[in-house]
């Protein structure tokens, strides 16, 4: 186990505990390693930084690090150990059969220690990569500790470890105090453990990311300006990008690159521990060296041009309000910058992804991998295009969020009021396009089944619903936003123009929740679902034979276990069936599976929508939700129940097992492992076991936000103060 504690900003203490859990003594070679990232050019003989042996101390060993820009550092070892040095340079001879630039290369330390080749390291004890070689004999059941200190203080202090344990004790106490402050007192000890480890995983998954796409394309002879070939190299249209920042990664081990829609969810969890970093991360993607000149946000390194759900506006507004509730101050400047960055992004969606101009969006991939019948990133085998229920739902929510942001900013800047009306109109047109007047066969809402589906629009303009009961049909529920009465009453001119718009465009509100009908506390509701539609969709979502798992909402209805959906194209059957764990085929990339497992981002948005709807409908709106009690539940109680099920993935059950670990005996029973939680990419739809990237804390870190919110939220406060009350801390925490 490796622990870090800072004595000062440039003084880092490192404690490495090595435990032998076996029944016999064993030898261990430990190699704490220091190296410089290679930023110099061998070809032009740039001056390199340097590592070497520092002198001037009576005991222990010290590696010095000299860098022209970063200054000097020293790595202190707590005992006299062998120091070995090489260069952080690729072994060209081994990999490519080319002569090496240096006699000592980056795998030289490995060759020295593992293969006994002492000539593989520099006898002059200098280079750009160095290790302290500890040779330890550890008895059965014994733990040995190695202490290191990386600091800018030169080796004049003969006792650099004299305050080591005191500093560690102080930092541990500070960490305990910090987490105690942000954790609701109503949570159990196990829930507190889950919340803290989720947030720790979020903090750990920051990583420096550098990518100069212009240079990368030039090196691959694929630059759109200078190379005339017809290269299909990825990211050709992103030559403007120069990414050079510390970024929150989904998982810096397996996925050491940012993913934009993941990042939006990550910031919501990160805001619990660091508002400034969370806001900076959201702002990052809206900068000129990330956002495309057309307004598109980059997806991720593999293909920046992939289309991910537009959730940045929701995240920005959520963090803004969260900070307002907790700190008591409004960061108008952050919200203003986000708004002006999101305007071109919204415009990009309207111009590029609504090709027919009918407010029917065909976003393509939208981050949901194999959710549908066809690969939504590629041309359809039938020809034509998809009108996507999830695409329209994401855009309806995007418009709602932009309307909310515009109302907030208009308090300080009246010129923004015009934008508010524009996004209100956009929302109405997008929502209405999903279910036009009349019972039609070519629209997303199926009146007979009470569910939303994607629509396949063929080249001859005929259309058919693709009746896969998936999260795609539940996402319209997420496009539900409550507007406080006082937020609108400040703008009488806006109210008048909105009323006039509704008067002359009355058909736009015929099949959705009426935006002019007041609810609890005179709140107004923007929702794709009218009350009757809401009840029908919830009946499906809260059915344990369909979407409701013991551990949250499944991405695909369990109905398709016995009733797979098939669509025939020229004699080829395209099939969708319920697969609660890993995908059984490599279909559409095979990297993840949306045909049954539980995913945290969509569950979190569903819970958000339920709280919003509760603040509008109040206690009188109740639905059936299987809990064993048989009683009807309010929407707030349903949100609590879903949170309880999601948290149950990580918490010990009555048998003392954590569902996240599945049948892994080591993790379920070993006292050294059973409380070391893993926050997987997604989870088994029936038993809650973790699947996918084993430590993609990323958006799964949202469990921390859900535990915090529902450990402190009170339904009466939400009815009194609105959905934003769910963001506040526990009363006992102030």
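Numbering (the working numbering), first residue to last: 4 to 737. Even for Gly, the Cβ is constructed at its ideal location relative to N, Cα and C.
Local Cβ density within 10 Å of residue i, reported as buried at 16 or more and exposed below that
i           : result
residue 388 : buried
residue 734 : Reliability fails at residue 734, whose pLDDT of 36 lies under 50, so the model's placement of it is uncertain and no value is given.
residue 97  : exposed
residue 249 : exposed
residue 488 : exposed
residue 473 : buried
residue 568 : buried
residue 579 : buried
residue 575 : exposed
residue 121 : exposed
residue 447 : buried
residue 87  : buried
residue 435 : buried
residue 126 : exposed
residue 464 : exposed
residue 284 : buried
Whole-angstrom distance between residue j and residue i, CA atom to CA atom
i           : j           : result
residue 42  : residue 13  : 22 Å
residue 178 : residue 164 : 21 Å
residue 278 : residue 108 : 42 Å
residue 320 : residue 408 : 7 Å
residue 466 : residue 361 : 15 Å
residue 222 : residue 299 : 25 Å
residue 700 : residue 238 : 27 Å
residue 336 : residue 318 : 16 Å
residue 480 : residue 531 : 7 Å
residue 306 : residue 665 : 33 Å
residue 106 : residue 130 : 11 Å
residue 533 : residue 506 : 19 Å
residue 351 : residue 316 : 14 Å
residue 748 : residue 137 : Because the chain is modelled from 4 through 737, residue 748 falls outside the range shown and cannot be assessed.
residue 432 : residue 396 : 12 Å
residue 421 : residue 342 : 14 Å
residue 671 : residue 662 : 9 Å
residue 492 : residue 451 : 39 Å
residue 679 : residue 371 : 29 Å
residue 686 : residue 611 : 20 Å
residue 591 : residue 330 : 45 Å
residue 732 : residue 439 : Its pLDDT being 43, under 50, residue 732 is placed unreliably by the model, and nothing is read from it.
residue 682 : residue 623 : 37 Å
residue 737 : residue 719 : Low per-residue confidence applies at residue 737: pLDDT is 31, beneath 50, and the placement is therefore not dependable, though the value from the model is reported in the following sentence. Rounded to the nearest angstrom, the two C-alpha atoms are 18 Å apart.
residue 368 : residue 571 : 21 Å
residue 168 : residue 15  : 13 Å
residue 259 : residue 384 : 34 Å
8 Å Cβ cutoff met for residue i and residue j
i           : j           : result
residue 477 : residue 609 : yes
residue 271 : residue 708 : yes
residue 194 : residue 710 : yes
residue 722 : residue 523 : yes
residue 545 : residue 605 : no
residue 90  : residue 50  : no
residue 104 : residue 123 : no
residue 704 : residue 205 : yes
residue 150 : residue 339 : no
residue 597 : residue 650 : no
residue 613 : residue 638 : yes
residue 2   : residue 702 : For the chain, the structure presents residues 4 to 737; residue 2 sits outside this window and is missing.
residue 483 : residue 645 : no
residue 475 : residue 618 : no
residue 67  : residue 154 : no
residue 55  : residue 79  : no
residue 458 : residue 442 : no
Beta-carbon separation (whole angstroms), residue i vs residue j, contact threshold 8 Å
i           : j           : result
residue 603 : residue 706 : 7 Å
residue 1   : residue 190 : Residue 1 is absent from the model: the chain starts at 4 and stops at 737.
residue 156 : residue 35  : At roughly 18 Å, the Cβ-Cβ gap does not stay under 8 Å, so residue 156 and residue 35 are not in contact.
residue 364 : residue 356 : 5 Å
residue 529 : residue 414 : Actually they are not in contact, since the Cβ atoms of residue 529 and residue 414 sit about 19 Å apart, beyond 8 Å.
Neighbour flag for residue i against chain B, beta carbons, 8 Å
i           : result
residue 407 : Although the question refers to chain B, the structure presented lacks it and comprises just one protein chain.
Note down, one range per segment and in chain order, each beta strand (DSSP E) of at least 3 residues found wholly within the region 623-702. For the region 623-702, whole beta strand (DSSP E) runs of length 3 or above, ordered along the chain, are 625-627, 635-637.
Original post:
Curious, which full-length alpha helix (DSSP H) runs of at least 4 residues does the region 300-380 contain?
Top reply: 315-330, 335-355
For the region 380-445, which segments carrying the alpha helix (DSSP H) assignment without a break, of at least 4 residues, lie completely within its bounds, in sequence order?
-> 392-413, 420-436
Those runs of the beta strand (DSSP E) which lie wholly inside the region 29-89 and span at least 3 residues
29-33, 36-38, 53-56, 64-70, 74-80, 85-89
message: Please give the ranges of any alpha helix (DSSP H) in the region 534-580, keeping only runs that are unbroken, at least 4 residues long and fully inside the region.
response: 534-544, 562-565
* Return the chain-ordered ranges of every alpha helix (DSSP H) run that is complete within the region 171-213 and spans a minimum of 4 residues. => 192-207
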